[in-house]
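Residue numbers (our numbering), protein chains in the order written: chain A, 2 to 362; chain B, 2 to 362; chain C, 2 to 362; chain D, 2 to 362. Even for Gly, the Cβ is constructed at its ideal location relative to N, Cα and C. Structure first, then comments.
Number of protein chains: 4
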Amino acid sequence: MSSTFGTLYKVSTFGESHGKAVGAIVDGCPANLKLSEADIQPQLSRRRPGQSDMTTARDEADQVIILSGVENGKTLGTPIGLMVNNKDQRPGDYGEMSNIPRPSHADFTYQMKYGNRAASGGGRSSARETIGRVAAGAIAEKWLFEQFGIRIISWVSSVGEIDARDMSTEGLTREQIDANIIRCPDEAAAEKMIDVVKRASFKKDSVGGILTCVAENVPVGLGEPVFERMEASLAQAMLSIPATKGFEIGSGFAGARMYGSQHNDPFELKPDGRLGTVTNFSGGVQGGISNGEPIVFRVAFKPPATIGLAQETATFEGESTTLEAKGRHDPCVVARAVPIVETMTALTIMDFVLRQAYRNQ
Amino acid sequence: MSSTFGTLYKVSTFGESHGKAVGAIVDGCPANLKLSEADIQPQLSRRRPGQSDMTTARDEADQVIILSGVENGKTLGTPIGLMVNNKDQRPGDYGEMSNIPRPSHADFTYQMKYGNRAASGGGRSSARETIGRVAAGAIAEKWLFEQFGIRIISWVSSVGEIDARDMSTEGLTREQIDANIIRCPDEAAAEKMIDVVKRASFKKDSVGGILTCVAENVPVGLGEPVFERMEASLAQAMLSIPATKGFEIGSGFAGARMYGSQHNDPFELKPDGRLGTVTNFSGGVQGGISNGEPIVFRVAFKPPATIGLAQETATFEGESTTLEAKGRHDPCVVARAVPIVETMTALTIMDFVLRQAYRNQ
Amino acid sequence: MSSTFGTLYKVSTFGESHGKAVGAIVDGCPANLKLSEADIQPQLSRRRPGQSDMTTARDEADQVIILSGVENGKTLGTPIGLMVNNKDQRPGDYGEMSNIPRPSHADFTYQMKYGNRAASGGGRSSARETIGRVAAGAIAEKWLFEQFGIRIISWVSSVGEIDARDMSTEGLTREQIDANIIRCPDEAAAEKMIDVVKRASFKKDSVGGILTCVAENVPVGLGEPVFERMEASLAQAMLSIPATKGFEIGSGFAGARMYGSQHNDPFELKPDGRLGTVTNFSGGVQGGISNGEPIVFRVAFKPPATIGLAQETATFEGESTTLEAKGRHDPCVVARAVPIVETMTALTIMDFVLRQAYRNQ
Amino acid sequence: MSSTFGTLYKVSTFGESHGKAVGAIVDGCPANLKLSEADIQPQLSRRRPGQSDMTTARDEADQVIILSGVENGKTLGTPIGLMVNNKDQRPGDYGEMSNIPRPSHADFTYQMKYGNRAASGGGRSSARETIGRVAAGAIAEKWLFEQFGIRIISWVSSVGEIDARDMSTEGLTREQIDANIIRCPDEAAAEKMIDVVKRASFKKDSVGGILTCVAENVPVGLGEPVFERMEASLAQAMLSIPATKGFEIGSGFAGARMYGSQHNDPFELKPDGRLGTVTNFSGGVQGGISNGEPIVFRVAFKPPATIGLAQETATFEGESTTLEAKGRHDPCVVARAVPIVETMTALTIMDFVLRQAYRNQ
């Protein structure tokens, strides 16, 4: 197990679907940040299942409780305990699957690694595990915005074969992104995406997608060469989210097909007097260190593994069988992944900001 | 700075192009592994520049010296000090660039982060930094092969627009991959790739590419949910390599366009009696834990930033200027990146093997 | 803040006196350990204030709740969330002290470090912080005993000027130690100690003391040279307990006055066939590694800082004033410290056992 | 193995007596510190054996070489590689001991832990291991003095039964301490101590001793509750030094015999306007955090284990035998331990200074 993230803003998470609660401890949050549950709840609510008929119908309240580290509405500088109670457990739905590891799910690997399984199968591979990090990251988002004006925005840029058009993120808000249930600010594409998800849902199938994320107003100089280059830590953060299969920053895989003369980002003097770049194929990092341009990256999510469609597979003992998952399952997770990607980005940047602080002495 | 990688097999590296030496300390290598410099040198030699006229001409011997941790040809269990002397420093070639940050290079960000620069510009962003990790990873490769028969093989699967065909890795050897200078085992594609690099070199330009890597015989159960899922740690390891822009495992970004019914890997009984999967879109991991199938991933490398072609850019002060890099520079780094990707993979898996050990008590 | 302890058995704690709860996350507990709250509660109850009229009268139930990581009475291998609700907060008692930092208390340093203070003064310096670690350590104690028969026993060996006689720990049980309220198994000394505490209490003063701790059946080979030698990690663990001023192992400070010919522990063949030592001035460690003999160490606790006696001191602004603490306060903490010392020892050894595991492959 | 110390000023060491070299990597040293080998060498030379006829006669030059991280006389902010070549190895002297584990030495435990032994016995338990830390700590000392005026001074306060008198450290310099070979600034006591060592040496015996250390001008607010309280980290640092058996801060073990009314340090306004304490039984820390008073602690060293006197002991197989160590051995290590204690203190404080920096944003 490795449920701790960060060096100075250190987040430890706990919990699976069927225990009493899930949550996190945030160790290293600066003192005197104004903080209450109301600052954390919005991202948790965006993460919650059951926000639309496109996601699973479980109406979990997911109300966060601050257990420690805050008094009189301000952080003390001590560890912040965060907890969300589990309410709707319904272990019965999963019980009958027990002898058939769900294909591409964590049932098999958890069984092999731990010699047991949580009632929900791959216990900590559940999306519910992400509650702790979203709560911890929401605190980081608040501090980063107040200290540096850092804005982190993510949206769904692909679902299945449907791609959103490239678009400027200037002035783009979370409200605009949340304007449709697939969280894609390209309205025309959003309609098609929703259609793809609905058809997949109708067929008891699932479909994957891609998120784009942008962090603006990130100070120059963040990232810790060599093993914690900005892009290395972001990649780790993103691939630690369930169902992710890929990460690319700036030009990404397309950049591998380019020539240096195309790909290099020339410098120029920006209107605000800082040295910036004309293009941003680098995605806001050079040599592993933020260069003051927006940090831009994309994260690939596979289609959810649990589907109602019949699948030919085998039992734990290797006997051929057919599996049809019962109950309702998310046909597509990308809309709910938006706050997870944003808050994991916040956790990554937050740690780098604190680690960079001493260099300014 | 964050130059330490791993929890139990802990590698700390040091060195930039113009100091006395580069190297690493390996803390946590099990005792009683037979080890000499001859076990480490081959991967260092594959990493070395000047292996062909396609890479920079500097003939650095890069001979590794074991400083500690080995006696009578066996590891003691104590830290292994590893060092490679710097020989060919030629600081003059870089000196004249000092007032113009090279576009998409680390000159600017290192200056901004540290308030200084190494003679070579972005000191630790140099490919020379990777020597320490390659040496440390070569030791891990040896131990993993001897203990589990783990084989790690990487090759160049794309250069610019040229893609190698999909191919089985069964029986594929490093000798076959090294049979051509671009390290692509698809001979027809290799010829075209070499041509692309030569033309880029002739134009004083550079070109990017993609590496594929496969790790075979990896035991089931490795990877530490949630923040050090196997794919998260591999992603961090790969994006910590200079010039990387993307990482994808198994189906990767293409998987985000698929349906669950296509993407799921059904289970079946394998001839050797283990439960395996029919397909491997998962890339050998489920829920962040190895499932016994080959671990397969791809890494995108951008075109090298330093090119001889004239570039319109700006000085540190923001004045417009034209930059033409002098001297010889790698037009393409992917062939040399092969041993780096392999050894970083070894470091990642090695740490997980040691961390899993106690569960078998 | 640094509220995480351990590398593989990683414990993160949270909470201060006046929040909603205190607790911990245990990340890295092996799967399939039988575990319920009843295994953890006894050490928490021994730690609790109000066990006798010698400790503060607050009757806090301190009932532990397992939030995650356990299903069907067995650990899953996932993080174990542990929580104890805060009930009796009484912030009023402390409120009036706010402008006078209590001498030798953490009021002043917390204010200076964090720019604020918890209602209770030095928030995480409160003994209540230790609840999380005691709960986490009680789990480690159970695993260590079941796997290796390791027994960890601590007792009060001095209070003020009263010393217990040297005694064999063979067969010594926690029940015997708990037979008197000062937790000293030398009954004659215990009576005198209790008298010392009562007189201090009557005078509204406080008094210090020393704990001895023994860990038996610890396997040979534990401890990680060089910075995590067994004694270095034990020293860190013990000095992280509030009110501690010193740590010594084996001969300790007295050993500094001895000659090598007296101090060396000669080897001999033990009846059970292992190579052991005739004496144990080393305290069970040599070169930072356990040698199979009992690990024996002592921890010094200062007298509690909060006393009812009038003290001449100064306000935060430096004005002279007199302070008399209101309310009831512990005149001596050593009896309650017994389970804290034991469980911190368990945390230290547990981590070393897991880290040593891979060497046995 | 655990050869890395520190979170932000991270020191990794390598090397044993009989390899090619010993040394360290310092990762996290701030950029732009003026640094050359001449800044590091003095503490290494003070640590060196053979400084007098009271220490072993091996005349090792122990010249440090900076391998990386420094250019044009200033640190780059990148890892600083530090190396000292091993010259005088004389493995022959130790060879004949191989079947008899030296009593209270690390021969037995290293053999049991690692299944092998370095030629010198307990490889990393050798005093030669400390070279890397002393070099790394000398850099920290320089930075701490330049940034905060922090002065760290240690001296020998006891040898065997001889104690130095209590003395003010105001104005005390390393030159004064080095004025006699036992490094005790109480000249009268020093003479007696030297006599004790000489007599022990003549008898082929060894003797222990105690060091006192003071760190002055340490800013208020350093130390990270709860597991890295200032005293916890200092205790770990000190007990990681070979041959140490105890650590106490401020009143230490004597404080455990005191009453709160005696032990509490009342506050008063200091002439320089800060709030300080009248007494310093706390030893400069309260609640694990520095309070601006001098940090004062003591470290107990046992008598060296290797003595020429005949010892009745047993072979690895358990057969009774007599051991007389050949060659010259240190009869007392405390004088040489002075720079080790000082530099480990510097490493501890340095890390806390960097970790505290972000709170000042």
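Sequence-distant residues of the same chain with beta carbon closer than 6 Å to residue i, five excluded per side
| i | result |
| --- | --- |
| T280 of chain B | D266 |
| I132 of chain D | V23 and V85 |
| L36 of chain D | V71 and T76 |
| I242 of chain D | I341 |
| L34 of chain A | T76 and W144 |
| A107 of chain B | G123 and S126 |
| Q177 of chain B | P186 |
| G289 of chain D | G224, P226, R230 and M231 |
7 Å CB neighbourhood of residue i in its chain, flanking five on each side removed
| i | result |
| --- | --- |
| E249 of chain B | F298 and R299 |
| N100 of chain D | T316 and F317 |
| L1 of chain A | In this structure chain A extends from 2 to 362, so residue 1 of chain A is not present and cannot be described. |
| G253 of chain D | R299 |
Coarse secondary structure for residue i, derived from DSSP in three states
| i | result |
| --- | --- |
| I1 of chain A | Given a span of 2 to 362 for chain A in the structure shown, any question on residue 1 of chain A remains unanswerable. |
| F248 of chain D | strand |
| T170 of chain D | coil |
| D266 of chain C | coil |
| I26 of chain B | strand |
| K199 of chain C | helix |
| V135 of chain A | helix |
| R59 of chain C | Its pLDDT being 49, under 50, R59 of chain C is placed unreliably by the model, and the measurement read from it follows with that caveat. It is coil, neither helix nor strand. |
| K114 of chain A | helix |
| M84 of chain C | strand |
| H210 of chain D | The sequence given here has Gly at residue 210 of chain D, not His. G210 of chain D: strand per DSSP, three-state reduction. |
| L324 of chain C | strand |
| T314 of chain C | strand |
| F15 of chain A | strand |
| R230 of chain D | coil |
| T344 of chain A | helix |
| K143 of chain D | helix |
Residue j beta carbon less than 8 Å from that of residue i
| i | j | result |
| --- | --- | --- |
| G375 of chain D | L355 of chain D | One cannot answer for residue 375 of chain D here, as it falls past the ends of chain D, which runs 2 to 362. |
| G7 of chain C | L348 of chain C | yes |
| D206 of chain B | L310 of chain B | yes |
| V221 of chain D | T110 of chain C | yes |
| S155 of chain C | G224 of chain C | no |
| V198 of chain A | V160 of chain A | yes |
| G16 of chain C | L68 of chain A | yes |
Sequence-distant residues of the same chain with beta carbon closer than 8 Å to residue i, five excluded per side
| i | result |
| --- | --- |
| V219 of chain A | F149, I151, G285, S291, G293, P295, I296 and I350 |
| A238 of chain C | F6, M345, T346, L348 and T349 |
*Pull out every residue of the region 139-161 of chain A whose Cβ sits closer than 8 Å to any Cβ of chain C, in chain order.*
none
*With 7 Å as the limit, tell me which residues of the region 213-227 of chain A have their beta carbon closer than that to any beta carbon of chain B; keep them in chain order.*
V221, G222, E225, P226 and V227
*Using a beta-carbon distance cut-off of less than 9 Å, what residues from the region 96-115 of chain B approach chain A?*
I101, P102, R103, P104, S105, H106, A107, D108, F109, T110, Y111, M113, K114 and Y115
*asked:* Counting only Cβ-Cβ distances shorter than 7 Å, please list the residues of the region 25-44 of chain A near chain C, keeping chain order.
replied: I26, D28, G29, A32 and N33
*Selection of the region 279-297 of chain B by Cβ proximity to chain D, strictly under 8 Å*: none
*What residues in the region 255-271 of chain B have a beta carbon less than 7 Å from any beta carbon of chain A?*
G256, A257, R258, M259, Y260, G261, S262, H264, N265, D266, P267, F268, E269 and L270
*Which of the residues in the region 5-19 of chain C, read from start to end, lie with their CB under 8 Å from any CB of chain B?*
T8 and L9
_Proximal residues, the region 62-73 of chain C versus chain A, C-beta separation under 9 Å_ = I66, I67, L68, S69, G70, V71, E72 and N73
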